[in-house]
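Each residue of the sequence shown is one higher than the last, beginning at 1 in UniProt numbering.
Read the structure below first, then the notes.
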Amino acid sequence: MGTDQNALADLLRVVISIQEGKVLSSMLLGKCPTYSRKNRLYQAFHALGSVERTIFLLKFILDVKHREIIHRSTNKTEQYNNFEDWILFAYGNALLERALEEVEKRVKYTGVIANGVMLDNVIELNAALNTRAKEGVIPTIDE
């Protein structure tokens, strides 16, 4: 077996171990930075990553629909981040805490508040549309 085949076999063993639950992918990712660049498994994963990036870039360049989907998704994410920034306006959108635990709490709580605001908007819009439908201003939607 050649070196490339050994690396492929190692790569497949890791993938199967993850699928069977014998190895956690998070544990593997935690160990990756400690692997030497000379390590065969490290080189195999690096090469696989290069192939994946190349395929993605070619698809991105050649497929207009793929680009549009990525663009729309990116815009939605940016809009949500802007919405969270708007929620944090009282703090000047600054994470002033130095402790990681406090920063994590702030991020999580901001997400909870954002979801609460969005849920309230849905409830309010639903009530307003139901009122307008009862008044006969807009047609009712079959449930």
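C-beta: ideal position from N, C-alpha, C; glycine also.
Bear in mind the structure is a predicted one, so any value in this text is a computation, not a measurement.
Per DSSP, reduced to three states, the secondary structure at K22 is coil, with no helix or strand assignment.
A distance below 7 Å between beta-carbons, with the five flanking residues on each side excluded, links L88 to the following residues of its chain, in chain order: T110. Here the C-alpha atom of D85 lies approximately 36 Å from the C-alpha atom of V51. Taking 9 Å as the cut-off, the Cβ atoms of N6 and R40 count as close. Segment contact: the segment 18 to 25 against the segment 54 to 71, fewer than three CB-CB distances shorter than 8 Å; contact not assigned. Contact between L11 and F45 holds: CB atoms are separated by about 7 Å, below the 8 Å threshold. Spanning the alpha carbons of F83 and R67 requires a straight line of approximately 24 Å. For K65, the uninterrupted alpha helix (DSSP H) run begins and ends at 64 to 87, by DSSP. For I18, same chain residues with a beta-carbon under 8 Å away, outside a window of 5 residues either side, are L24, S25, L28 in chain order.
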